[in-house]
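Take a look at the structure below.
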Amino acid sequence: MITTSPRPLVGLSACSKRIDGASYHAIGDKYLRAVDEAAGLLPVVFPAFGEALEVDALLDGISGLVLTGSPSNVHPQRYEQAESDQHAPFDEARDGATLSLIPAALERGLPLFAICRGMQELNVALGGSLCPAVHQVPGRMDYRRPDDPDPDIQYGPRHPIEIDPDSLLATLLPEGDKPIEVNSLHHQAIDQLGSSLKVEAWAPDGTIEAVRYGKGKSFVLGVQWHPEYKAAENPVSRALFSAFARAVRHYAAGRHRL
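Residue numbers (this note's numbering): 0 to 257.
Encoded structure:
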């Protein structure tokens with residue numbers, strides 16, 4: 000008899016939103032489909048319950064974590080800066096949830112893939128800070144989302160990145176895809192790098208485009224772009240989600256042996 004192993008569960012961070020006066024926990028369809036179709040894993044949504052989120056109970060049930068992107072930004076008080084219009088919009092319920100999840104996930108050695116806001120959350124959770132408006136810094140590029148309703152243009156390639164040849168990222172990407180171009184839909188970026196994070200890739204102006212966690216042997220990778228958009232159709236995105244999937248399955252196999 001042929002049997003198949005169940006697909007490992009992966010948690011994805013949701014945002015807290017108000018729609019027509021009602022509260023919702025929301026996540027973009029593209030993140031769920033990327034985990035399902037490009038990684039072959041089973042996605043589950045983690046609510047934005049702030050510090051009330053039952054972190055350990057949730058992490059007990061999964062074998063990987065994806066920190067999603069969002070139009071909102073980490074509140075500057077989380078990295079000891081004063082609030083300004085440049086920092087907005089905020090989602091403090093999500094801040095409380097993700098910034099509680101990250102250290103607990105790292106302590107467990109849980110595979111973690113952080114995307115856009117997720118990479119910024121990873122940086123802040125490890126003591127780093129953010130630049131609120133990169134496009135206003137002299138000599139820096141404008142990374143904001145293109146003003147076009149077509150999502151293929153919004154998520155289309157915008158600029159190349161330079162990848163550290165000794166990085167984890169360099170080992171994951173197909174040889175023919177280096178250098179690569181990535182999309183860009185953000186106005187904030189990493190300023191001071193968080194503790195134990197290593198820079199994996201940069202934009203032409205020096206803006207950090209990818210980081211990894213330098214402690215332990217688990218897969219912990221953050222990218223500033225959006226590989227989740229039509230991930231199954233993009234060879235670079237497929238490579239990243241496939242690498243995450245391998246780490247998740249390895250983690251799941253180890254849990255089942257306990």
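Yeah, the Cβ is synthetic: ideal placement off N, Cα and C, and Gly gets one too.
Nothing here was measured: the structure is a model prediction, and the numbers come from that model.
Beta-carbon proximity of residue i to residue j, cut-off 9 Å
i: Gly127; j: Glu91; result: no
i: Cys130; j: Ile189; result: yes
i: Gly221; j: Leu58; result: no
i: Tyr154; j: Lys229; result: yes
i: Ala132; j: Gln85; result: yes
i: Gly68; j: Leu184; result: yes
i: Pro88; j: Ser99; result: no
i: Leu66; j: Ala25; result: no
i: Val219; j: Ala209; result: no
i: Gln191; j: Gln119; result: no
i: Leu52; j: Ala21; result: no
i: Lys16; j: Glu227; result: no
As assigned by DSSP and simplified to three states, the class of residue i
i: Phe218; result: coil
i: His158; result: strand
i: Asn72; result: strand
i: Leu11; result: strand
i: Ile152; result: helix
i: Arg17; result: strand
i: His323; result: In the structure displayed, the chain extends from 0 to 257; residue 323 sits before or after that span and is not available.
i: Val247; result: helix
i: Arg211; result: strand
i: Glu227; result: coil
i: Pro5; result: coil
i: Leu239; result: helix
i: Ala188; result: strand
i: Ala38; result: coil
i: Ala113; result: strand
i: Met0; result: Only weak support exists for where Met0 lies, its pLDDT of 36 falling under 50; the value from the coordinates is given anyway. In the structure shown, Met0 sits in coil (DSSP, three-state: anything other than H, G, I, E or B).
i: Asp84; result: coil
i: Val133; result: helix
i: Gly49; result: helix
Residue closest to residue i, alpha-carbon to alpha-carbon, out of the options
i: Gly10; options: Pro110, Arg245, Ile179 and Ser241; result: Pro110
i: Gly205; options: Gln187, Ser183 and Glu161; result: Glu161
i: Cys14; options: Val73, Ala81, Gly63 and Ser217; result: Val73
i: His194; options: Tyr78, Leu31, Ala242 and Pro203; result: Note on identity: in this sequence residue 194 is Ser, with His being the wrong assignment. If we check each option's Cα against that of Ser194, Tyr78 comes out closest.
i: Pro234; options: Pro5, Lys16, Ile179 and Leu40; result: Ile179
i: Pro203; options: Met140, Glu227, Tyr250 and Val210; result: Met140
i: Val43; options: Lys16, Ala21, Ile18 and Arg6; result: Arg6
i: Arg144; options: Arg157, Ala81, Gly138 and Val54; result: Arg157
i: Glu232; options: Ala124, Asp19 and Asp151; result: Asp151
i: Tyr212; options: Gly39, Gly60, Val123 and Gly95; result: Val123
i: Ala4; options: Leu40, Ile18 and Ser12; result: It is worth fixing the name first, because residue 4 is Ser in this sequence and not Ala. The shortest Cα separation from Ser4 among Leu40, Ile18 and Ser12 belongs to Leu40.
i: Ala252; options: Leu172, Gly63, Asp149 and Ser236; result: Gly63
i: Gln223; options: Gly60, Tyr142, Asp147 and Phe240; result: Tyr142
i: Ser12; options: Asp19, Ile18, Phe45 and Ala38; result: Phe45
i: Leu171; options: Gln135, Phe240 and Pro159; result: Phe240
i: Ala38; options: His249, Pro148, Ala238 and Ala56; result: Ala238
Enclosing beta strand (DSSP E) for residue i [first to last residue]
i: Arg143; result: Counting along the chain, Arg143 falls outside any beta strand (DSSP E), and DSSP gives it neither H nor E.
i: Lys197; result: Leu196 to Trp201
i: Glu53; result: Where Glu53 is concerned, there is no enclosing beta strand (DSSP E), given that its DSSP letter is neither H nor E.
i: Leu64; result: Leu64 to Leu66
i: Pro42; result: Leu41 to Phe45
i: Val181; result: Ile179 to Val181
Alpha helix (DSSP H) segment containing residue i, residue limits
i: Tyr30; result: Asp28 to Arg32
i: Glu120; result: Arg116 to Ala124
i: Pro102; result: Glu91 to Arg107
i: Leu171; result: Leu167 to Leu171
Residue i: CB within 8 Å of a non-hydrogen atom of the ligand ADP
i: Arg6; result: With respect to the ligand ADP, the structure offers nothing, as it holds no ligand at all.
Exercise. Are the segment 155–171 and the segment 92–105 in contact at 8 Å, needing three or more beta carbon pairs?
Worked result: Touching, no, given that fewer than three Cβ pairs across the two stretches are closer than 8 Å.
For this session: Pair every Cβ in the segment 239–256 with every Cβ in the segment 34–43, then say whether three or more of these pairs are closer than 8 Å.
Result: yes
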